[in-house]
Each structure stands twice: as C-alpha cells, then as structure tokens.
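Residue numbering for the sequence shown follows our numbering, starting at 714 and increasing by one per position.
Reviewing the structure listed below.
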Amino acid sequence: MSHVPPMVQSSTVDGPAYLLAWERLPEGSWGARIAWMEIDGDSWTARVTRVAADAITKLDGQDYSQVPRRDTAAPATA
Numbered sequence: 714m715s716h717v718p719p720m721v722q723s724s725t726v727d728g729p730a731y732l733l734a735w736e737r738l739p740e741g742s743w744g745a746r747i748a749w750m751e752i753d754g755d756s757w758t759a760r761v762t763r764v765a766a767d768a769i770t771k772l773d774g775q776d777y778s779q780v781p782r783r784d785t786a787a788p789a790t791a
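In structure tokens form, the structure reads like this:
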C-alpha cells in the first residue's frame, strides 16, 4: 500500500523534505534518506540524498511511525 512519507525540515536543503528512510551509516551512526523538489520556472527536479540524522528536524503533526529503518552498514549475506 502506498503512502506519502512524512515531512521534515532539512538544514541541508534549507527547507522541507520527505523522510524516506532512516539508514545506519558505515561508521555506525544513523542518517536519513530524504527527497525534495527543486523548482526553476516551469522545470521541476526531484532530488534524493542521505544526510546525518541531526541535519533534519521532525515537524509537529507528522507521523514517523512507518518510516523504514535500513542497516546499510551491515555486511551483505549470501
């Protein structure tokens, strides 16, 4: 079932972004996979990046309970 990810405030993009997932970084800390739109006249560009968890701020009224957690630092298993 599809859903719209919750919004966060991002210091990286200096504005709002969607929180797609929490991701464990290789050094063991947590990061956030975020997405946002850049608009230039009639042109829209979707952007996605991973940032440190402390580079975002949760917003009142958003439900973060379904944001997936991914351990990207874990070794792949065969």
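Using N, Cα and C, we set each Cβ at its ideal position, and we do this for glycine too.
Per the coordinates, the alpha-carbon of alanine 748 lies some 10 Å from the alpha-carbon of valine 721. Glutamine 722 is bridged by DSSP to Pro729, Thr770. Where valine 780 is concerned, there is no enclosing beta strand (DSSP E), because DSSP gives it neither an H nor an E. Pairing serine 715 with serine 778, the inter-Cα distance amounts to about 15 Å.
Nearest to glutamate 751 by alpha-carbon distance, out of Arg783, Pro719, Val780, Gly728, is Gly728.
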